[in-house]
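Colleague: Residue 135 in this note's numbering is what sits at position 35 of the sequence shown, and the numbering runs on without skipping anything. This structure is in structure tokens; I'll ask about it shortly.
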Amino acid sequence: MKNIYSNIINPNSKNLNKIIQILKKDGIISLPTETVYGLAGNAYSNISIQKIFNIKKRIKKNPLIIHYYSLNEAKKDVVFNKKFYKLYKKFSPGPITFILKKKKNSRIKPIACANLNTVGIRFPKNKIVRNILKRLSFPLAMPSANKSSSVSPVKPADVSEEFKNKIKVLNGGISQIGIESTVLNLVGKISILRPGQVTPKQLEEVIKTKIKISSKQSKIRSPGSLKKHYSPGIPIYLNKKKCPKKNAFITFGSKYPVTTNSFNLSKKSNLNEAAKNLYKLFRFVKTKGYKKIYVTKIPNKGIGIAINDRLKRAAKK
Ligand code: TXA
Ligand code: MG
101 MKNIYSNIIN
111 PNSKNLNKII
121 QILKKDGIIS
131 LPTETVYGLA
141 GNAYSNISIQ
151 KIFNIKKRIK
161 KNPLIIHYYS
171 LNEAKKDVVF
181 NKKFYKLYKK
191 FSPGPITFIL
201 KKKKNSRIKP
211 IACANLNTVG
221 IRFPKNKIVR
231 NILKRLSFPL
241 AMPSANKSSS
251 VSPVKPADVS
261 EEFKNKIKVL
271 NGGISQIGIE
281 STVLNLVGKI
291 SILRPGQVTP
301 KQLEEVIKTK
311 IKISSKQSKI
321 RSPGSLKKHY
331 SPGIPIYLNK
341 KKCPKKNAFI
351 TFGSKYPVTT
361 NSFNLSKKSN
371 LNEAAKNLYK
381 LFRFVKTKGY
391 KKIYVTKIPN
401 KGIGIAINDR
411 LKRAAKK
């Protein structure tokens with residue numbers, strides 16, 4: 101099939117070299133990760149960071165996650181602690197972001213962290229992005245590659261839809277997880293600022309500490325997680341058992357009848373499959389012209405906690 105988007109490039113060695121050059125010269129580019137597609141730039145460069153905030157139309161007080169290849173690079177910028185080491189060992193590289201104290205001599209540009217004294221760091225698992233990180237002498241600031249408050253992209257064409265041809269996208273296929281990383285605060289009282297595939301229970305088992313999902317409307321912590329977010333741009337109604345024909349019905353499990361307006365997140369009631377399909381279906385029903393989305397109840401366990409978190413925020417008026 102012809103690639104209708106000229107901005108999508110394949111990860112061959114010539115293109116990878118080109119990407120390294122773009123990043124070295126303060127350019128920005130969209131890269132695949134196992135969670136969602138990111139918009140990457142040099143975290144040590146004000147020019148790159150400004151470009152990211154501008155194109156996303158992101159408010160300056162919402163900090164970016166900084167992505168590293170390994171502990172060796174990250175230790176130059178943040179202060180590690182015992183609990184972090186334990187969790188890193190168990191869950192990294194993978195879909196988890198750790199909020200840690202920023203070192204005084206850290207080279208991360210303050211605007212990347214919204215001038216906070218903490219940094220969100222992540223070690224992505226996706227092989228393509230790891231290969232790129234390994235070849236760079238700086239970490240990558242990388243928010244999801246969408247305009248602020250809209251749905252995160254899970255495939256290259258989604259990024260093209262967000263930014264047209266303004267941004268090059270490295271094709272890494274469909275994101276395996278399909279929902280953003282768990283954001284865990286490890287400074288002061290430990291809490292989850294954004295649920296993800298790594299669940300509170302899994303984290304508690306490793307550090308033997310009770311961990312709450314923070315619901316506080318605090319402006320210091322994950323400001324990005326407060327307002328309306330992850331929205332497909334049409335109204336969403338939750339916990340529905342039925343849906344009028346003219347609206348899109350997003351269902352879960354086998355008990356709902358298959359109709360022309362119904363779209364199943366997972367017929368087998370598999371929550372991982374549902375997470376992977378969530379943003380894909382949000383975009384799909386919108387392109388089909390539906391003006392409203394009804395969603396059935398989703399079990400609130402495992403990655404279902406993250407699905408419900410995103411649904412709630414997407415539904416916020
Ligand atoms: O899975 C992911 O995390 C993706 C991929 C591309 O890595 N990235 C992502 O970035 O979702 P973004 O910018 O869309 O979301 C980052 C979240 C925001 O809610 C932000 O407020 C929070 O992480 N965050 C980042 N640094 C923080 C900090 N120092 N303190 C508190 N929250 C922070
Ligand atoms: Mg985002």
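We treat Cβ as the ideally placed atom computed from N, Cα and C, and that holds for glycine.
Let me confirm a value: I109 is counted as buried when at least 16 other C-beta atoms fall within 10 Å, else exposed. Which label applies?
Modeller: By the neighbour-count rule (16 or more Cβ atoms within 10 Å), I109 is buried.
Colleague: For the pair the region 265–278 and the region 160–175, tell me if three or more CB-CB distances fall below 8 Å.
Modeller: Contact fails: fewer than three Cβ-Cβ distances are below 8 Å.
Colleague: Going by DSSP, which residues form a beta bridge with F363?
Modeller: Paired residues: I350.
Colleague: Under 6 Å Cβ to Cβ from G272, same chain only, skipping five residues before and after it: list those, please.
Modeller: Within the same chain, G272 has close Cβ partners P132, I228.
Colleague: Unbroken beta strand (DSSP E) runs of length 3 or more, entirely within the region 182–219: which are they?
Modeller: Runs of the beta strand (DSSP E) inside the region 182–219: 196–202.
Colleague: Taking E304 and K312 to be in contact with their CB atoms under 8 Å, please state how far apart those CB atoms are, rounded to whole angstroms.
Modeller: Their Cβ separation, rounded to whole angstroms, is 10 Å, which puts E304 and K312 out of contact at 8 Å.
Colleague: Do the CB positions of I393 and N347 come within less than 8 Å of each other?
Modeller: Contact flag set, yes.
Colleague: When we look at the beta-carbon of K383 and count the other beta-carbons within 10 Å, is it buried (16 or more) or exposed?
Modeller: Note that residue 383 is Arg in the sequence shown here, rather than Lys. The residue in question, R383, is buried, as its Cβ has 16 or more Cβ neighbours within 10 Å.
Colleague: Excluding the 5 residues flanking P111 on each side, which residues of the same chain have their C-beta closer than 7 Å to its C-beta?
Modeller: Taken in chain order, the residues that qualify are I228, L270, N271, G272.
Colleague: As a quick exercise: from G353, D177, P243, pick the residue whose alpha carbon is nearest that of T218.
Modeller: Considering only alpha carbons, the answer is D177.
Colleague: Give the single residue among A374, V287, E262, F223 whose Cα lies nearest to the Cα of E173.
Modeller: Nearest C-alpha to E173: F223.
Colleague: Which residues in the same chain as R235 place their Cβ atom closer than 6 Å to its Cβ, once the five residues preceding and following it in sequence are excluded?
Modeller: Taken in chain order, the residues that qualify are I120.
Colleague: On the premise that V298 lies in contact with P195, defined as a C-beta separation below 8 Å, what is that separation, rounded to the nearest angstrom?
Modeller: The Cβ separation is near 6 Å, so the contact holds.
Colleague: Inspect the beta-carbon positions of N142 and I211 and report whether they are closer than 8 Å.
Modeller: Not a contact, by the Cβ cut-off of 8 Å.
Colleague: Which two residues bound the contiguous alpha helix (DSSP H) that contains G404?
Modeller: Run containing G404: 404–415, per the alpha helix (DSSP H) assignment.
Colleague: What residues are listed by DSSP as bridge partners for V269?
Modeller: Partner(s): I108, S130.
Colleague: Which class does T309 belong to by DSSP, given the choice of helix, strand or coil?
Modeller: T309: coil per DSSP, three-state reduction.
Colleague: What is the C-beta distance between L51 and I398, in whole angstroms, given that I count them as a contact (C-beta under 8 Å)?
Modeller: A question about residue 51 goes unanswered here, because the residues of the chain that appear run from 101 up to 417.
Colleague: Using C-beta distances below 6 Å, list every residue in its chain close to S113, excluding the 5 sequence neighbours before and after it, in chain order.
Modeller: Here the set comprises nothing.
Colleague: Have a look at G402 and D409 and give me their C-alpha separation to the nearest angstrom.
Modeller: So the two alpha carbons sit approximately 12 Å from each other.
Colleague: Between H329 and R413, is the Cβ-Cβ spacing less than 8 Å?
Modeller: Their beta carbons are under 8 Å apart, which means H329 touches R413 by this criterion.
Colleague: Please report the residue range of the beta strand (DSSP E) in which S291 lies.
Modeller: Taken as a continuous stretch (DSSP letters only), the beta strand (DSSP E) holding S291 covers 291–294.
Colleague: Determine the contact status of P335 and V251, defining contact as a CB-CB distance below 8 Å.
Modeller: The answer is no: Cβ separation not under 8 Å.
Colleague: Are F180 and L200 closer than 8 Å when you measure CB to CB?
Modeller: Result yes, Cβ atoms of F180 and L200 sit closer than 8 Å.
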